[in-house]
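Using full-length UniProt numbering, you'd call the opening residue of the sequence shown number 1 and step up by one each time. Heads up, the beta-carbon is just placed ideally off N, CA and C, and yes, glycines get one too.
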Amino acid sequence: RHVEKHLYASFAVLGVPVSIKTDNGPAYASAQFQRLCNLWGIRHDTGIPHNPTRQAIVERAHQA
Numbered sequence: 001r002h003v004e005k006h007l008y009a010s011f012a013v014l015g016v017p018v019s020i021k022t023d024n025g026p027a028y029a030s031a032q033f034q035r036l037c038n039l040w041g042i043r044h045d046t047g048i049p050h051n052p053t054r055q056a057i058v059e060r061a062h063q064a
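Okay, structure coming up:
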């Protein structure tokens, strides 16, 4: 629920993205998050499990 709330706030400021890249955390693997992506037409890309090098790229982008 927190993820959805933050995404809606982001959409209001930045617009709706074409895609969102996340880790494989439970908040992003939930049916609720998938419904949100489907509702807004957002492609959901995830990192490769057990691949910390690739995931580090995603985490670095979050810090920017």
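Whole-angstrom distance between residue j and residue i, CA atom to CA atom
| i | j | result |
| --- | --- | --- |
| residue 46 | residue 24 | 6 Å |
| residue 4 | residue 44 | 14 Å |
| residue 38 | residue 30 | 13 Å |
| residue 8 | residue 22 | 16 Å |
| residue 40 | residue 18 | 9 Å |
Beta-carbon proximity check, residue i vs residue j, cutoff 7 Å
| i | j | result |
| --- | --- | --- |
| residue 42 | residue 20 | yes |
Sequence-distant residues of its chain with Cβ nearer than 6 Å to residue i (five each side left out)
| i | result |
| --- | --- |
| residue 13 | none |
| residue 27 | 3 |
Counterpart residues of residue i in DSSP-defined beta bridges
| i | result |
| --- | --- |
| residue 43 | 19 |
Cβ neighbours of residue i in the same chain (closer than 7 Å, five flanking residues each side left out)
| i | result |
| --- | --- |
| residue 11 | none |
| residue 6 | none |
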